[in-house]
Amino acid sequence: MASDGVLLSAIGMHKHFGGVHALRGADLEVRRAEVHSLVGANGSGKSTLLNILSGQVAPDGGTITFDGAPISFRDPTRALAAGIATVTQETTLVPELSVAENILLGPRKVRRWFGIDWKASRRRAIEIQQMLGAEFSVDDPVSSLPPDQQQLVEIARALSMNARLLLLDEPTSSLTEAEVESLFALVRSLKRRGLTTIFVSHRLSELFALADRVTILRDGRTVEAGEIGSYDADRIIERMVGAAPVPPAGSAADGAGAAPVLRVRGLSVPGHVHDATLSVGAGEAVGIAGLTGSGRAELLDAIFGTRRPSAGEIELDSALLRHGRVSEAIERGLAYVPGDRKNVGLVLKMTVAENLMMATTSRSMRLRTPPRARERAEARALAEEFGIVAASPDVACSTLSGGNQQKVVIAKWMQCRPRILLMDEPTRGVDVGAKREIYRLLGDAKARGVGILVSSSETEELLLVCDRILVMFRGRIVASIDREHATEANLAHYAMGQQ
Amino acid sequence: MTAATDVEPAPPARKPLVGRLWSWSSGNQFVGVLALLICLVIAFSIVEPRFFTVANIRVMLTGVAILWMVSLGLTVVMLTGGFDLSLGSMLSLSGFIFIGFYLHLGIPALLAVILTVIAGALIGGLVNGFLIGRVGMPFLVVTIGTLSLYQGVTYLVSNGQTTSLTSSLLDAIGFNTALGIPITVWIMIATFFVSLFVLRMTYFGRDVYATGGNPAAARLAGVNVTRTLIAAYAIAGGMAALAGVLQDAFISAASPAGSGTIIFDATAAVLLGGTVLGGGIGGVGGTVVGVLFLGVLQNGLSLAGLAAAWQQVISGAIVILAVLGQQLQRGRRPTFDPGALFRRRRDRA
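As they're listed, the protein sequences go chains G and Y.
Add 153 to a position in the first sequence, counting from 1, and you land on the number used in our numbering.
Add 30 to a position in the second sequence, counting from 1, and you land on the number used in our numbering.
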């Protein structure tokens, strides 16, 4: 048996994903019957560490000891069998099945000599449900429950497996304040029963409300760990982003003072964006920082028209833009480089030239013949200008690398001579060289007087590109910081809901 | 005229096509089937002296005319990533729509033909197209529904009776020749080139490929996906209506018995031609090769005296094998540019 009450210790964990070194010797020590919080910025390795503990990812190096015995899980079922259960951000429930069936999903139903003993299974589900103090009926389909109750079903499922360690990965991201409170009450009561919890949240207030101890990760390494009582919010943020402030680089900000081209007032998208107000001037680059799920992408979707807002006004050059009209938005000078490039950025089966021309020609008469020779020449010129490496304008976009695909998307929109360029995660999944080129393209667009509104989860990127950075937290714009005053630390501060 | 001119319909469908579609760098999936078709023609010509004759080729071509029309329409729908099961019912219904215009309203035959095609397009666009493109219902659900609906309406308006008609125009369409080539074949050639032009040489054609390739990305780039889908189902409906008129012409009557299985043959032809379920890849060039392949196979096997059951077994097996072959080919080459295999290396460097 383990001494000194340590339930789990992971030492020197390493993990590579392709060229990315996600974990570089991270350590984690969790004591029995405590709520242990794991914190770190985006990309610090929190999720990777959790995925290793739950058996979804195999580590490249390091040792894990659970309950005094070394373990290495090859798949999630083994982690479950050992007593480690995970509740993730997205529920893994089967919506059409009843609560009881979901709690006892898979081989855990009570069996009799032939088939499943449904009555006994149901009783078992009720026992667990009462232990949780949940109000729903075990016969309801899961799809009829609100998100917080669904989360309870997931926790119930974990308990049905006699879990001793519960991994909660951002369990509160889709919950209301009241729901969060009841979830916390549950975690505390489970703690009294001897259950250990590892809790990941981006919201610092939740951390102080729930955790006993905290481990801080940065760039795949454990920075420090300790009692939560010995920390305050500023100290945690400082440790998370590192003490060294990033100096603002790049060209001088010249957009300030210009009359705004894009004005957004009180824009709301139910469940995602609340009352967002912002403006972008000609040649100004405005960033949107915020955690995953804070509503950044949805805000851009709503401005461009691919998602219908429930309220608010969008004004371009002092004239209103109708909601949900993509082709009108394009004609009026909006351009949108979406984050999900593979799924919505390009038609990968079509050629480079066809993709490049798609937006500019979207208002042409449909029965006219595209001037192929001229298009090809224009595509070549664009490829030259934007540094797109492709064998010819006639190859399918699927043959290009991620960075080149992204440059095709940007070139497609710059071709439309936009007034405002909206971008979500402009450099996601592209290599370092392509990243630099994309920043250069953004700089060029800015210099030409294009207003840029860019959302990114990479703070350094925003600090590099933007004149001003807005911070979103739970669908609201909670801060607007000029480049001179923006640091990773103060952006993280607002992004985590601190005032 | 000599035999050489009489067989012309097939070669013009091949020669410029292969070269052009090849250079347009997508939709050359049917090259394998084209090779198979040529082999089949040569084999049948050697084995069966009656096969490569003017008369037989005429029979073969007019025999696939209805399939040709339905397959061309279906190709457009399948390129958008959809499917239209109702085309067979639409065909039967159109046969009676023509009767209605021509016999009951006394509209001149030529105008009645045009009105029938327009009616087919309107029904296809406003029912299937609207429900799928605008309302956003799944295409299988909608077209299974309209399959039954149109068939039912056909029985209602016909009382289950075949209605015979005499029209010199329809007789001409069905049985006359011009320049030694059946009028039917001229219509086939015309519809092929028009659809080839629309798909390959217009912005609308690009919208069709973009909608099938990635509707979300197309919409984001300003493509009117809804309008494209409605137009695609309208084209399919119009082509089915034209097929219905041809059917009337061939049997000098409109029959409610319908062509329930034509949609399966058409699907086979479209798939053989390299248009994929899911959309975005393929084209009408491949489809006509697919149609001719099915026609030649059936015709040749009949001449060889093979029982109808065996013909079905063989053509079914060949469809599966041919599409499997295309899939394997695609698995190795994500792009359809034949040169890509060599160029991609330079791309990376």
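No residue lacks a Cβ here, since even glycine has one placed at the ideal position from N, Cα and C.
DSSP three-state assignment for residue i, whether helix, strand or coil
i                      : result
residue 430 of chain G : strand
residue 597 of chain G : helix
residue 611 of chain G : coil
residue 167 of chain G : strand
residue 646 of chain G : helix
residue 512 of chain G : coil
residue 101 of chain Y : helix
residue 538 of chain G : helix
residue 227 of chain Y : helix
residue 319 of chain G : strand
residue 180 of chain G : strand
residue 264 of chain Y : helix
residue 626 of chain G : strand
residue 79 of chain Y  : coil
residue 288 of chain G : coil
residue 115 of chain Y : coil
residue 590 of chain G : helix
residue 52 of chain Y  : Interpretation of residue 52 of chain Y is limited by its pLDDT of 47, a score under 50 that renders its predicted location unreliable; no figure is taken from the coordinates.
residue 437 of chain G : coil
residue 463 of chain G : coil
Cβ-based neighbour list, residue i, same chain, cut-off 6 Å, excluding 5 preceding and 5 following
i                      : result
residue 243 of chain Y : 310
residue 352 of chain Y : 63 and 302
residue 163 of chain G : 181 and 217
residue 232 of chain G : 207, 208 and 226
residue 214 of chain G : 167
residue 175 of chain G : 168, 198, 201 and 373
residue 615 of chain G : 440, 442, 609 and 622
Sub-8 Å separation of residue i and residue j beta-carbons
i                      : j                      : result
residue 122 of chain Y : residue 191 of chain Y : no
residue 488 of chain G : residue 575 of chain G : yes
residue 278 of chain G : residue 291 of chain G : yes
residue 223 of chain G : residue 209 of chain G : no
residue 414 of chain G : residue 434 of chain G : yes
residue 17 of chain Y  : residue 172 of chain Y : The displayed coordinates of chain Y run from 31 to 379. Any statement about residue 17 of chain Y would go beyond what the structure contains.
residue 187 of chain Y : residue 128 of chain Y : no
residue 419 of chain G : residue 482 of chain G : no
residue 325 of chain Y : residue 90 of chain Y  : yes
residue 79 of chain Y  : residue 185 of chain Y : no
residue 187 of chain G : residue 240 of chain G : no
residue 480 of chain G : residue 159 of chain Y : no
residue 439 of chain G : residue 581 of chain G : no
residue 284 of chain Y : residue 214 of chain Y : no
residue 271 of chain Y : residue 124 of chain Y : yes
residue 226 of chain Y : residue 238 of chain Y : no
residue 381 of chain Y : residue 117 of chain Y : There is no way to answer for residue 381 of chain Y, as the model of chain Y reaches only from 31 to 379.
residue 595 of chain G : residue 624 of chain G : no
residue 84 of chain Y  : residue 268 of chain Y : no
Beta-carbon proximity list for residue i, same chain, < 8 Å, skipping 5 on both sides
i                      : result
residue 356 of chain G : 325, 649 and 650
residue 381 of chain G : 190, 360, 361, 364, 365, 366 and 367
residue 183 of chain Y : 123
Other residues of its chain near residue i: CB distance less than 7 Å, five sequence neighbours each side excluded
i                      : result
residue 337 of chain G : 362 and 363
residue 571 of chain G : 486, 487, 488 and 603
residue 484 of chain G : 516
residue 509 of chain G : 532, 535, 561, 564, 565 and 568
Per-residue contacts from residue i into chain C (C-beta, under 8 Å)
i                      : result
residue 496 of chain G : Structure shown: chain C not included; protein chains present are G and Y.
Residue i CB to nearest heavy atom of the ligand GDP below 7 Å
i                      : result
residue 615 of chain G : The ligand GDP is absent from the structure shown, which contains no ligands of any kind.
- Cβ contact check for the segment 458-475 of chain G and the segment 546-553 of chain G: 3 or more pairs under 8 Å: no
- Message: When you compare the segment 230-237 of chain Y with the segment 291-307 of chain Y, are there three or more beta-carbon pairs, one atom per stretch, that lie closer than 8 Å?
- Response: no
- Which runs of the alpha helix (DSSP H), 4 residues or longer, sit entirely within the segment 122-158 of chain Y? 139-153
- Item | Contained beta strand (DSSP E) runs [length at least 3] in the segment 329-414 of chain G, N- to C-terminal order | 349-353, 366-371 and 374-380
- Query: Can you find at least 3 beta carbon pairs, one from the segment 518-529 of chain G and one from the segment 593-607 of chain G, that sit closer than 8 Å?
  - Reply: no
- Per the contact definition of three or more C-beta pairs closer than 8 Å, is the segment 331-344 of chain Y in contact with the segment 95-114 of chain Y? no
- Item | Continuous alpha helix (DSSP H) assignments of at least 4 residues falling wholly in the segment 468-497 of chain G | 479-485
- Message: With three or more beta-carbon pairs closer than 8 Å as the criterion, would you say the segment 542-551 of chain G touches the segment 564-571 of chain G?
- Response: no
- Message: Could you check whether the segment 625-633 of chain G touches the segment 439-457 of chain G, counting it as contact only if at least three pairs of C-beta atoms, one from each stretch, sit closer than 8 Å?
- Response: yes
- Task: Please confirm if the segment 503-515 of chain G is in contact with the segment 528-547 of chain G, defined as three or more CB-CB distances below 8 Å between the two stretches.
- Result: yes
- Take every Cβ of the segment 314-334 of chain Y, pair it with every Cβ of the segment 60-77 of chain Y, and state whether three or more of those distances are shorter than 8 Å. yes
- Item | Residue ranges of each alpha helix (DSSP H) within the segment 285-348 of chain Y, 4 or longer | 292-302 and 314-333
- Message: Tell me whether the segment 333-352 of chain G and the segment 315-323 of chain G touch, counting them as touching only if at least three CB pairs, one residue from each stretch, are closer than 8 Å.
- Response: yes
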